[in-house]
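Asker:
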Amino acid sequence: MKKIINYFLQGLLYTVPITVTGAFVVWTFNKIDTIIPGLFPGLGLVIVIVLITIIGIIGSAAIASPINSFFQNLLKRAPLLQTIYSSVKDLMSTFVGNKKGFDQPVLIKLYENSSIERIGFITNENLNSLGIKGEKILVYLPHSYAFSGQLFVVEKSYITPIDKPSSEIMKLIVSGGVTKIEN
């Protein structure tokens, strides 16, 4: 019974914001159409879209920007927190944002005469800015059952691409190899 209640609450969490937003848009559309009856068909819809966009602009400028500026100023006073925050922010943006990351799964050979390999993701193929010369790239190796990993500088000759979706490979690593990868 507890699971059913939990699923019901999860369902509410997904449907209520969408329903309320939809109801608000329809209500606003109907109100505008009663105020401006029949002048131009679809004018109510255009006005609703423009109003919502203006509210979004005002909300970004009046709410999000000042809070973001205040938070950035706070971080400037605490360099260690700024380093942690920016690292976590960059990591999260690879999963949810526009920044691409963890999209090239690979096997890396750990040692020259070893058959042991680890699974990871290429994160940077140009190490000139670090002063690292040669055919080396950065590979991130996530840990299983954790939100952590290690970053390695690896010779390109030690790397074998994996031809599977990176999301499937990440699930495999995080699960400790328990998750099955679909063919």
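Adding 5 to a residue's 1-based position in the sequence shown gives its number in our numbering.
Even for Gly, the Cβ is constructed at its ideal location relative to N, Cα and C.
1. If you check the beta carbons only, do Ile164 and Val111 fall under 8 Å apart?
2. Can you name, in chain order, every residue of its own chain whose Cβ lies under 7 Å from the Cβ of Asp38, other than the five neighbours on each side?
3. Measure the alpha-carbon distance for Ile186 versus Leu177 and round it to whole angstroms.
4. Reducing DSSP to helix, strand and coil, say where Glu122 ends up.
5. Terminal residues of the continuous alpha helix (DSSP H) containing Thr20?
6. Per DSSP, what kind of secondary structure is Gln109 in: helix, strand or coil?
7. Classify Lys94 as helix, strand or coil using the three-state DSSP reduction.
8. With H, G and I counted as helix, E and B as strand and the rest as coil, what does DSSP make of Ile186?
Answerer: In brief:
1. Yes, they are a contact pair.
2. Excluding residues up to 5 positions away in sequence, Gly49 lie with their Cβ nearer than 7 Å to the Cβ of Asp38 in the same chain.
3. Each residue's Cα considered, the two are about 7 Å apart.
4. In the structure shown, Glu122 sits in a strand (DSSP, three-state: E or B).
5. Lys7 to Ile40 is the extent of the alpha helix (DSSP H) around Thr20.
6. Collapsing the DSSP output to three states places Gln109 in coil.
7. Correct three-state label for Lys94: helix.
8. Collapsing the DSSP output to three states places Ile186 in coil.
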